[in-house]
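Accompanying notes for the structure given below.
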Amino acid sequence: MTTAWMVLALGEAREHAGNDGYDDNPAEHYSWDSTVQNHARPAVGDVIALWDKAGLIGVSVIEAIDTGTAQKTLYSCPSCGKADIKRRLRDKPSYRCGQCRHLFDDPATQTRTVTTYTSRHAKAWMDGRGLLSAAEVRALCDSPKSQLSMRPARWEKLRDALLATEEGDAANDLEPGSWSEVPGGHKVTTVRVRVGQDAFRKNLLKEHGETCAFTGPAPAAALEAAHLYSYAESGEHHEWGGLLFRRDVHTLFDRGQLAVSPDSGLIDVADQLHAYPVYAQLHGRRTAVELRPEHLVWLAAHWRIHRTDA
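If you count the sequence shown from 1, position 169 lands on 168 in numbering that gives the first Met the number 0, and the numbers rise without skipping.
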């Protein structure tokens, strides 16, 4: 099971005033240090989900963690010495201690040498604004009532919650009061199964690792084996005829909204996707995996089918 880390990125909106905060750019990196509980536990390959008081900011996969040392100024209550102090934005004195309730204008300070950590996760970043509320994010943590800024969770629970938001999108388009009953239950049906699909996917994972061909590192559970041609027509798994894509990327590739230009070998994003930063940033980028000549043949055919007017 893949570990996910729910990390608070409050910036200037944070209430806790025990330190000067951290330099974060949610779509690219997240910073913390050895004063933070769980500081040494996140690892390369873990999922990282950033959130604030409004809700989920976005999700990615940690591709690297930079470490170093720094001098850090810590602030505490001058009465009891605890760091649980909060700024009072409108009232005076300017600070209140959460432990002894003491009010004061100037906190006590001390300088400490700390180990610093910065995650790098730009390649697989997926914007999550508006998908999950802060309460929904907290509920996904292993300890929902935890007050820690870095909280462990299971990727599978986060993934299922995000997939559930896709199912709810259609309901959001309805006017209040217009909801109609949806029949439930189960039925027996006959489906056509792609024989050999599991083996095809295992070969791609062995070849490329846990990497979406367009966006970069991603948990294996989030990756699908995509054929670069119409499997429905051929029914064959051609060697070098597939790549691993995230589910959303796979869908958009099949629709021709994401493609690879046969002239430049770069990712081409259709105009209608440029309104979405998570996809617009892929335009003109090289693929995250090295393409073989066989891949390029299939991708050129895909381009001709979907971009005849390009």
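Glycine included, each C-beta is placed from N, C-alpha and C at the ideal position.
Lys81 sits in coil when the DSSP states are folded into three classes, being neither helix nor strand. The beta carbon of Ser148 lies closer than 7 Å to those of Val6, Leu7, Val35 in the same chain, with the five residues before and after it left out. The three-state secondary structure of Arg95, taken from DSSP, is strand.
Only residues of its own chain outside the window of five on either side were considered, and among them Ile61, Glu62, Ala63, Ile64 have a CB closer than 7 Å to the CB of Val43, listed in chain order. The DSSP-derived three-state label of Val58 is strand. If you draw a straight line from the Cα of Cys99 to the Cα of Pro143, it is about 26 Å long. Around the beta carbon of Ser263, fewer than 16 other beta carbons lie within 10 angstroms, which makes this residue exposed. Boundaries of the alpha helix (DSSP H) around Pro292: 292-305. Annotation for Ala212: Leu242, Leu243, Phe244, Thr286, Ala287, Val288 place their beta carbon closer than 7 Å to its own, counting only its chain and skipping 5 residues before and after. By the neighbour-count criterion, in which a residue is buried when 16 or more other Cβ atoms sit within 10 angstroms of its Cβ, Ala123 is buried. DSSP places Thr2 outside any alpha helix (DSSP H); the residue lies instead in the beta strand (DSSP E), whose first and last residues are 2-7.
The three-state secondary structure of Tyr278, taken from DSSP, is helix. For Glu27, no beta strand (DSSP E) encloses it, and the DSSP letter there is neither H nor E.
The stretch 90-134 contains, as complete beta strand (DSSP E) runs of 3+ residues, the segments 94-96, 107-119 (chain order). In this structure, DSSP gives Leu272 a helical state, which the three-state scheme calls helix.
Sixteen is the threshold: since fewer than 16 other Cβ atoms of the shown chains lie within 10 Å of the Cβ of Leu162, the residue is exposed. Leu242 sits in a strand when the DSSP states are folded into three classes. Spanning the alpha carbons of Leu157 and Leu139 requires a straight line of approximately 7 Å. For Ala220, the closest alpha carbon among the candidates His28, His38, Asp45 is that of Asp45.
A straight-line Cα-Cα distance of about 20 Å links Thr112 and Cys76. With respect to the 8 Å criterion, Gly208 and His226 are not classified as neighbours on the basis of their beta carbons. Cβ neighbours of Leu55 within its own chain (closer than 6 Å, five residues either side excluded): Gly127, Leu130, Leu131, Val136. Secondary structure note for Pro151: its beta strand (DSSP E) is the uninterrupted segment 149-153. Judged by DSSP secondary structure, Asp65 falls within the beta strand (DSSP E) whose first and last residues are 63-75. By the 16-neighbour rule on beta-carbons within 10 angstroms, Pro216 is buried. Here Pro25 is buried, its C-beta having at least 16 other C-beta atoms within 10 Å.
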